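Numbering (the working numbering), first residue to last: 418 to 686.
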Amino acid sequence: MQHEIDRTTLALNDQMDTIRRMEREKMEQNMAQNVMITGTGRSYALGYNLVLRYLEAGDNVVATVRRESEALLRLKGEYGERLHIVNMDISSTESVERAAFEVEAAIGHLDLLINNAVLSALGMEEDFLHADMDSILETFNVSALGTMRVMKAFYPLLKKGEGMSLIINISSEAGSITKCFRSNYLDYAMAKAAVNMGTMTFYNDTKDDPGINIFCVHPGWIRTDGREENPVPLSPYDAAETLRLLFEKRRYDKEGHRFITYENEDYPF
Ligand SMILES: NC(=O)c1ccc[n+]([C@@H]2O[C@H](COP(=O)([O-])OP(=O)(O)OC[C@H]3O[C@@H](n4cnc5c(N)ncnc54)[C@H](OP(=O)(O)O)[C@@H]3O)[C@@H](O)[C@H]2O)c1
Numbered sequence: 418m419q420h421e422i423d424r425t426t427l428a429l430n431d432q433m434d435t436i437r438r439m440e441r442e443k444m445e446q447n448m449a450q451n452v453m454i455t456g457t458g459r460s461y462a463l464g465y466n467l468v469l470r471y472l473e474a475g476d477n478v479v480a481t482v483r484r485e486s487e488a489l490l491r492l493k494g495e496y497g498e499r500l501h502i503v504n505m506d507i508s509s510t511e512s513v514e515r516a517a518f519e520v521e522a523a524i525g526h527l528d529l530l531i532n533n534a535v536l537s538a539l540g541m542e543e544d545f546l547h548a549d550m551d552s553i554l555e556t557f558n559v560s561a562l563g564t565m566r567v568m569k570a571f572y573p574l575l576k577k578g579e580g581m582s583l584i585i586n587i588s589s590e591a592g593s594i595t596k597c598f599r600s601n602y603l604d605y606a607m608a609k610a611a612v613n614m615g616t617m618t619f620y621n622d623t624k625d626d627p628g629i630n631i632f633c634v635h636p637g638w639i640r641t642d643g644r645e646e647n648p649v650p651l652s653p654y655d656a657a658e659t660l661r662l663l664f665e666k667r668r669y670d671k672e673g674h675r676f677i678t679y680e681n682e683d684y685p686f
C-alpha cells in the first residue's frame, strides 16, 4: 500500500516538473499566447481548469467571471501578472463591451477566446409537454446570445493578434439536432444548437480571412459539479488539458467540419 502511494506521489511530482519546464520554456522563447476564457469562477468546473492548464503551459490568461471567485484570487496570488481577472456578465451587452475595453487596456490583443460560460434553468428535467417555456429565455440569453455578444465584442482584439486567432465555443452533444435523443432539457439543448448555428454563421462570414478560425466543441462528459462520487468519466483537470491540446491541433484547420468532439472527431450538427 505504502509503495502504491509512493509511486503515485513520484508520478505526480514528475508531472508537475514537466508542467513547470513547459511553462519556463514557453516564457523564455516568448511564445506565450493571450487566452481569454469565460465562466471561470468555480474550481471544480471546466472554465477554471482551462485557466489553470493555460497558466501551467506558460500562457497569459484573461479569466472572466460574473462575481468574485476566491479560487481565482488564489491563482492570481500564484501567477501574478499572467492572470487577469475581469468581471463580465454575458447576459448584458453593456457589461461585455465594458469588459472588452478593460481587456484591451490590460493585454492588448487575444490569440484564443474560449466561450465556456453557460446557464440552464431549474426544472428542465421535465419532458417537453411539462416544461416551463417561460424559463427558457434566460438560458438562451446567457448561453446562446451571450456567446455571440462575446464573439462580436472581442473580435477586434482577436484581429489584433499576429497569427491565426481562434474562437472555441464550448457546445455539447446536446446541441446536435441529428443525434437528438432526449425529450427534456429543452432550454440547454436549444441554446447549444443555437451556439452551433452562430459558430457556422461566423465561420461563413470569416471563411476567407487567414487570421481567424472558429470551432464548436463537445468537451466530453466531465465531473463539473464538485461531487467526488459523480460517476461521469472525465475529471475537469484532465479534460482541460485534452481540450487545450486539441485546440492547438485544429487551430489552422479552416476546411474541416466545424463541430468536433474532445476526441477530435467530427460530430453532426
Ligand atoms: N460537464 C459536462 O459534462 C459537459 C458536457 C457537455 C458540455 N459541457 C459544457 O462545458 C462548459 C462548462 O461546463 P461546466 O459544467 O463546467 O459549467 P458550469 O460550472 O455550469 O458553468 C460555467 C460558468 O458559467 C458562468 N455563468 C453563468 N451565467 C453567466 C453569465 N450571465 N455571465 C457570465 N458567466 C456566467 C457561471 O458563473 P457562476 O459561477 O457565477 O455561476 C459558471 O462559472 C459549458 O459550456 C457546458 O455546457 C459540459
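We put the beta carbon where it would ideally sit given N, CA and C, even for glycine.
Note that the structure is predicted; figures quoted are calculated from it, not measured.
Query raised in the report: Shortest alpha-carbon distance to Thr623 belongs to which of Lys576, Pro636, Tyr602?
Result: The residue with the shortest Cα to Cα distance from Thr623 is Lys576.
Query raised in the report: At a cut-off of 6 angstroms, is Asn601 close to ligand 1 when judged by its beta-carbon and the heavy atoms of the ligand?
Result: no
Query raised in the report: Could you give the residue range of the alpha helix (DSSP H) that holds Phe632?
Result: For Phe632, no alpha helix (DSSP H) encloses it; the enclosing beta strand (DSSP E) starts and ends at 629-635.
Query raised in the report: Taking the C-alpha atoms as reference points, what is the distance between Glu590 and Arg515?
Result: 32 angstroms
Report task. With a threshold of 6 angstroms, establish whether the CB of Val559 neighbours any heavy atom of ligand 1. Result -> yes
Report task. State the beta-bridge partners of Met453 as determined by DSSP. Result -> The partner list for Met453 (beta bridge, DSSP) reads Val479, Leu530.
Requested in this report: Measure the alpha-carbon distance for Asn681 versus Pro627 and round it to whole angstroms.
Outcome: As the crow flies, the alpha-carbon of Asn681 is around 22 angstroms from that of Pro627.
**Report entry** C-alpha gap between Glu473 and Glu511, whole angstroms
**Finding:** 32 angstroms
Query raised in the report: Relative to the alpha-carbon of Ala449, which residue among Asp528, Val559, Gly592 has its alpha-carbon at the smallest distance?
Result: Asp528
Query - Cβ-Cβ distance between Gly456 and Asn504 below 7 angstroms - result: no
Query raised in the report: What residue range is occupied by the uninterrupted beta strand (DSSP E) comprising Thr678?
Result: 676-678
**Report entry** Supposed close pair Ser537, Thr556 - CB separation, criterion 8 angstroms
**Finding:** 5 angstroms
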